[in-house]
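The listed protein sequences derive, respectively, from chains Z and C. Numbering-wise (UniProt numbering), the first sequence opens with residue 1 and increments by one. Numbering-wise (UniProt numbering), the second sequence opens with residue 1 and increments by one. Down below is the structure, laid out as structure tokens.
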Amino acid sequence: MPRVWKFGDAINTDDILPGKYAPFMVGEDKFHTYAFAHLRPEFASGFRPGDILVCGRNTGLGSSREYAPEALRKLGLRAIIAKSYARIFYRNLVNLGILPFEAPEVVDALQDGDEVELDLGRGLLRHGERTYQLTPPPDFLLEALKEGSILDYYRKYGRFPGEGGGG
Amino acid sequence: MGLTLAEKILSQRAGREVRAGELVVVEVDQVMVVDSIAGSFFKRLQQLGAAPRFPEKVAIVIDHVAPAANVEVAKAQKEIREWGNRYGCRVFDVGRGICHQVLVEEGLAQPGGIVLGSDSHSTTYGGIACFGSGMGATDIALAAASGRTWLRVPETVKVTFRGRLAPGATAKDAALEMVRVLTADGATYMSIEIHLLDGAESLTRSQRLTLANLTVEAGAKCGLVVPSGEILELYDVPTWLYPDPDAVYAKEVEIDLSTLTPRVSVPFYVDNVEEVAAVRGKKVDQVFVGTCTNGRLDDLHEVAAILKGRKVAPGVRMLVIPASSEVLEAAAADGTLLTLLQAGATIGTPGCGPCMGRHQGVLAPGEVCVSTSNRNFRGRMGAADAEIYLASPRVAAATAVAGYITTPEELEVARA
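Given below as structure tokens:
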């Protein structure tokens with residue numbers, strides 16, 4: 001069963017992928033193996049596709065580096081549950097197809113190493129006897145995700161979701 | 001009800017009145033890409049099957065690791081030059097300087113305009129009342145391909161700075177105080193609108209860029225300084241580029257510059273702001289003056305004034321990295337560099353330097369650095385347990401001379 005990797009408040013993009021391990025420093029094929037290299041060196045080798053990240057407030061603050069969440073995506077991350085997100089990081093997550101759920105009470109209820117099941121489509125999280133309904137991101141973003149990603153959406157329609165007409 | 005400065009800019013661009021909470025798709029004036037993100041940016045454009053729609057509106061700046069530190073970086077930067085040539089986009093190469101400083105010097109950021117950057121400190125353009133915002137590679141690629149971006153019109157936090165800076169206090173101290181008061185997520189998704197009153201209008205463009213630069217450390221989408229003073233002399237500021245008196249704010253904060261004291265941001269968070277007095281005496285291994293926050297000519301002048309006739313303390317490495325080639329040239333012409341060199345400082349290639357721990361001054365385990373940069377996160381400049389204290393150029397210079405964290409005023413007392 002997928003497990004929870006729990007972190008605290010203010011996890012920044014330097015924590016997620018230290019600057020010295022950016023793909024343009026170490027290569028496109030290796031950078032994801034340095035995810036959380038300072039904070040939890042065992043993370044990259046222990047993370048299994050489908051595992052979820054659970055974080056506190058202001059998750060993902062700091063540098064815009066999209067390759068930080070991209071490293072997590074390459075390891076198989078599809079969803080984060082946090083108390084709140086920093087702005088650039090939130091957009092990056094959606095753009096990479098990682099669903100950012102905001103649910104403070106669920107964050108408090110989960111512990112590191114807990115086993116959970118997450119139905120991404122319905123936003124249902126099962127944790128032992130309990131089931132939580134997670135609130136999905138805004139419609140505007142979901143509209144893009146229905147096409148795969150915002151890149152797929154733009155390539156198909158030549159416009160942004162919610163933008164009238166073509167071109 | 002009136003409009004905030006962010007609402008004014010986005011309304012003007014959208015061609016209709018828009019208010020906080022609405023989603024808008026707007027044209028952007030300039031898309032800025034830095035070397036460390038360029039690889040992801042090219043990859044996303046490839047996924048889109050698109051080329052830059054307006055090549056003259058895309059600029060790539062080689063600044064984050066300049067010159068190249070290893071073969072991977074050299075390959076990435078070679079690709080940037082080739083790509084720029086192929087599509088006719090501007091490339092500012094090694095030594096030209098830090099992206100935000102370069103775009104301001106080149107006039108690519110203008111009051112009332114919209115600039116998107118692949119670097120989070122793109123809020124810096126707000127110093128000249130340009131809507132600057134940072135985004136990731138995907139959003140930046142979409143903006144290059146379409147000439148547009150989607151934004152949620154932000155709510156606004158109004159920050160009013162009053163009075164003239166107290167002796168010993170700087171714009172950096174004012175900015176750190178703002179981040180302390182707002183906290184690291186106090187303005188998330190929001191615009192910070194900065195009003196300068198009762199003497200604070202005298203803050204220069206450089207000082208305004210410092211204020212706007214650090215607004216992202218409170219989580220802001222953009223940080224707009226209401227035009228006044230030097231900005232009106234340097235630019236043709238549009239008459240509509242002012243917030244309405246009855247604009248609606250989510251929060252209002254006042255900071256008195258006339259009583260401000262030197263500040264320092266203590267590891268490992270930027271909003272962990274203390275008075276210098278609280279950490280006075282902390283021994284340092286390295287002092288770094290530079291970055292998009294504090295690498296401009298006035299910053300170098302402040303440092304030189306303190307270092308003149310003094311020496312950097314034994315055992316301390318002092319790195320000074322001008323924000324751009326223009327800054328470097330001016331500092332060479334007016335003798336500032338000579339003063340710095342005579343004091344024992346080392347001068348680096350204009351660019352970001354060791355700010356994100358990739359080269360030119362990476363910290364060893366246990367080392368302590370006082371830096372004029374903008375982030376002191378764990379491991380930011382090298383080893384995971386190295387400590388970064390963020391401060392003004394004045395405090396950085398005094399610290400370099402003393403070998404421990406201190407202010408120029410205390411240095412004077414010690415010498416007397």
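Glycine is no exception: its CB is placed at the ideal position from the N, C-alpha and C atoms.
Query raised in the report: Looking at chain Z, which residues of the segment 256–267 of chain C have a Cβ within less than 8 Å of any of its Cβ atoms?
Result: none
Requested in this report: Measuring alpha carbon to alpha carbon, tell me which of Glu233/C, Glu254/C, Asp173/C ends up nearest Glu274/C.
Outcome: Asp173/C
Query - Arg57/Z and Asp236/C closer than 8 Å at C-beta - result: no
Requested in this report: Let me know the secondary structure DSSP gives Gly167/Z once reduced to three states.
Outcome: Reliability fails at Gly167/Z, whose pLDDT of 38 lies under 50, so the model's placement of it is uncertain and the value that follows must be treated cautiously. It is coil, neither helix nor strand.
Report task. Mind listing, in chain order, the continuous alpha helix (DSSP H) runs of no fewer than 4 residues lying wholly within the segment 47–116 of chain C? Result -> 71–87, 99–105
Query raised in the report: What's the gap between the Cα of Ser325/C and the Cα of Arg96/C?
Result: 5 Å
Query raised in the report: Buried or exposed: which applies to Trp240/C, given that a residue is buried once 16 or more other Cβ atoms fall within 10 Å of its Cβ?
Result: exposed
**Report entry** chain Z contacts from the segment 376–401 of chain C (Cβ-Cβ distance under 7 Å)
**Finding:** Phe377, Arg378, Gly379, Arg380, Ala384
Query raised in the report: Name the chain C residues that come within less than 9 Å of Ser45/Z, Cβ to Cβ?
Result: Going along chain C, no residue has its Cβ under 9 Å from Ser45/Z, so there is no contact; the nearest lies around 18 Å.
**Report entry** For Tyr132/Z, the first and last residue of its enclosing beta strand (DSSP E)
**Finding:** 130–133
Query raised in the report: Are there 16 or more other CB atoms within 10 angstroms of the CB of Pro226/C, so buried, or fewer, so exposed?
Result: Contrary to the premise, residue 226/C reads as Val rather than Pro in this sequence. When all chains shown are included, Val226/C counts as buried.
**Report entry** Cα-Cα separation between Ala333/C and Gly88/C, rounded to whole angstroms
**Finding:** 33 Å
Query - 8 Å Cβ cutoff met for Gly113/C and Cys130/C - result: yes
Query raised in the report: CA-CA distance, Ala304/C and Tyr389/C?
Result: 20 Å
Query raised in the report: To the nearest angstrom, how far is it from the Cα of Glu387/C to the Cα of Ile405/C?
Result: 13 Å
Query raised in the report: Thinking C-beta only, is Leu93/Z closer than 8 Å to Ile80/Z?
Result: yes
Query raised in the report: Given that a residue counts as buried once 16 or more other Cβ atoms are within 10 Å of its Cβ, and exposed if not, what is Thr135/Z?
Result: exposed
Query raised in the report: Is the CB-CB distance between Gly199/C and Gly163/C below 8 Å?
Result: yes
Query raised in the report: Using Cβ-Cβ distances below 7 Å, what residues of the segment 122–156 of chain Z are close to chain C?
Result: Phe140, Ile150, Leu151, Tyr154, Arg155
**Report entry** Three-way DSSP call (helix, strand, coil) for His32/Z in this model
**Finding:** helix
Report task. Assess, as a yes-or-no matter, whether the segment 117–129 of chain C is touched by the segment 141–153 of chain Z under the definition of 3 or more beta carbon pairs within less than 8 Å. Result -> no
Query raised in the report: For Leu151/C, which of Leu340/C, Glu193/C, Met135/C, Val368/C has the nearest alpha-carbon?
Result: Met135/C
Query raised in the report: Mind pulling the chain Z residues with CB within less than 9 Å of Ala51/C?
Result: Per Cβ cutoff of 9 Å: no residues; Ala51/C is ~13 Å from chain Z at best.
Report task. May I ask which residues mark the beginning and end of the beta strand (DSSP E) holding Asp256/C? Result -> 251–256
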